[in-house]
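Chains as they are written, first to last, in my numbering: chain F, 11 to 128; chain U, 5 to 279.
Here a beta-carbon is modelled for each residue, glycine too, at the ideal position from N, C-alpha and C.
Please read these numbers as outputs of a predicted model, since none were measured by experiment.
A short write-up of the structure that comes next.
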């Protein structure tokens, strides 16, 4: 899976008012979505937790970004979880996760260095 | 009239006759014969291809063997998609058997995830089930199950044990009667001519007025091009487990009976064959 060169951008302090509606008939989807990263267990806490990410970015690409940002060793694994319950496939697009599991206009992702929720 | 439970069995025991041939560029000590196998639609390639690997390893030297991967007409096959989905998407209107090329070199990292053992498949399978239950029941049912129950779901799939699997899976198909169905339907729509892998969004099985949503309603919302308007010629086939269910079929019923063991409804939209 290739790592997209572009890094996610930090969101500004002020929230952009936007609510994803269910069964929306509007064709215009935001190209980027807001992600909130939360550390679990002994994983280092990101100094910047809120990021704006391209919808098409994969989970694996985001995991690689977090690993680099936290300066983890190459052999240290990073596990990403949605809803504190399932680990999405590495090739899953964050835009899809946002559509299905986002709340308050953002997608919350938990990350840890060992398997947390199986 | 077939019982609804018969449908569950028909889905589980669906098979695709497949012919595995070795990539001609592989280094062999003698000619490799093709290997024929009936593949379960509802399973995953790494789980059911041990015999394929053993067969081809007989004519190869160990040093020429890396991670096995599969390809169909130049396209690497994603092992983490159910086999039936791969077939319906790539080869649904072709002559049987499905011919798959086996590779032991040049693993395409750009296109495929690695799969070092069946535990990788198990983790992926269980995550899919958990994701589906997050949509159906806010994860309440799957979280109420014990670890051994989760294991039973996987073992049932791995060992092709319908009763063992459904003894647990039926719990994931229940819902409060007053709700009329699941909270949201876990589905994925695969389109042949699209840059995105699939469509997956929130969709309720029942309308706010209390009407049951149908397969047609889902497509109208998510992929209206798949539908044929009056007077138009049909351009697409909407396939689930290789068949075209009537568009009037209630989505809740489809979710309960035609989902894959991962609890997702995998829907392939392919062009109508033009021959």
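Could you tell me if residue i is buried or exposed, where buried requires 16 or more neighbouring beta carbons within 10 angstroms of its beta carbon?
i                     : result
residue 218 (chain U) : buried
residue 18 (chain F)  : buried
residue 247 (chain U) : exposed
residue 48 (chain U)  : buried
residue 195 (chain U) : buried
residue 95 (chain F)  : buried
residue 240 (chain U) : buried
residue 123 (chain U) : exposed
residue 113 (chain F) : exposed
residue 40 (chain U)  : exposed
residue 97 (chain F)  : buried
residue 44 (chain U)  : buried
residue 53 (chain U)  : buried
residue 81 (chain F)  : exposed
residue 50 (chain U)  : buried
residue 128 (chain U) : buried
residue 86 (chain U)  : buried
residue 66 (chain U)  : exposed
residue 152 (chain U) : exposed
residue 58 (chain U)  : exposed
residue 157 (chain U) : buried
residue 100 (chain U) : exposed
Would you mind stating whether residue i and residue j have Cβ atoms separated by less than 8 Å?
i                     : j                     : result
residue 124 (chain F) : residue 79 (chain F)  : no
residue 160 (chain U) : residue 168 (chain U) : yes
residue 138 (chain U) : residue 266 (chain U) : no
residue 50 (chain F)  : residue 61 (chain F)  : no
residue 68 (chain F)  : residue 103 (chain F) : yes
residue 221 (chain U) : residue 176 (chain U) : no
residue 189 (chain U) : residue 227 (chain U) : no
residue 264 (chain U) : residue 99 (chain F)  : no
residue 118 (chain U) : residue 71 (chain U)  : yes
residue 259 (chain U) : residue 166 (chain U) : no
residue 64 (chain F)  : residue 40 (chain F)  : no
residue 38 (chain U)  : residue 22 (chain U)  : no
residue 11 (chain U)  : residue 261 (chain U) : yes
residue 133 (chain U) : residue 88 (chain U)  : no
residue 269 (chain U) : residue 109 (chain F) : no
residue 101 (chain F) : residue 74 (chain F)  : no
residue 92 (chain F)  : residue 107 (chain F) : yes
residue 274 (chain U) : residue 93 (chain U)  : yes
residue 215 (chain U) : residue 18 (chain U)  : no
Under a three-way DSSP split, which group does residue i fall into?
i                     : result
residue 254 (chain U) : strand
residue 83 (chain U)  : coil
residue 277 (chain U) : coil
residue 213 (chain U) : coil
residue 234 (chain U) : coil
residue 67 (chain F)  : coil
residue 262 (chain U) : coil
residue 46 (chain U)  : coil
residue 124 (chain F) : coil
residue 13 (chain U)  : helix
residue 241 (chain U) : strand
residue 192 (chain U) : strand
residue 222 (chain U) : helix
residue 22 (chain U)  : strand
residue 145 (chain U) : helix
residue 152 (chain U) : helix
residue 157 (chain U) : helix
residue 55 (chain F)  : coil
residue 31 (chain F)  : Residue placement at residue 31 (chain F) is flagged as unreliable, the pLDDT there being 42, under the threshold of 50; the coordinate-derived value follows with that caveat. If DSSP states are grouped into helix, strand and coil, residue 31 (chain F) belongs with coil.
residue 198 (chain U) : coil
residue 36 (chain U)  : coil
residue 175 (chain U) : helix
residue 72 (chain F)  : helix
residue 41 (chain U)  : strand
residue 42 (chain F)  : strand
residue 14 (chain F)  : Confidence is the limiting factor: at residue 14 (chain F) the pLDDT is only 42, short of 50, which leaves the residue's position unreliable, though a coordinate-based value still follows. Coil at residue 14 (chain F), not helix or strand.
residue 270 (chain U) : strand
residue 163 (chain U) : coil
residue 134 (chain U) : helix
residue 118 (chain F) : strand
residue 367 (chain U) : Since the displayed chain U opens at 5 and closes at 279, residue 367 (chain U) lies outside it and no answer follows.
residue 37 (chain F)  : For residue 37 (chain F), the predicted structure reports a pLDDT of 39, less than 50, and the residue's modelled location is therefore unreliable. A value from the coordinates is still provided. Coil at residue 37 (chain F), not helix or strand.
Can you give the beta carbon distance from residue i to residue j, rounded, assuming they're within the 8 Å contact cut?
i                     : j                     : result
residue 125 (chain U) : residue 56 (chain U)  : Actually they do not touch by this definition, with Cβ atoms about 15 Å apart.
residue 243 (chain U) : residue 272 (chain U) : 4 Å
residue 31 (chain U)  : residue 8 (chain U)   : So it is not a contact: roughly 52 Å between Cβ atoms.
residue 277 (chain U) : residue 97 (chain U)  : 4 Å
Of all Cβ atoms in chain A, is any one closer than 8 Å to the Cβ of residue i?
i                    : result
residue 97 (chain F) : Of the protein chains in the structure, F and U, none is chain A.
### Task
Enumerate, from N- to C-terminal direction, the unbroken beta strand (DSSP E) stretches of 3 or more residues contained entirely within the segment 52-125 of chain U.
73-76 and 102-107
### Message
For a minimum of 4 consecutive residues, which ranges assigned as the alpha helix (DSSP H) are wholly contained in the segment 80-104 of chain F?
### Response
none
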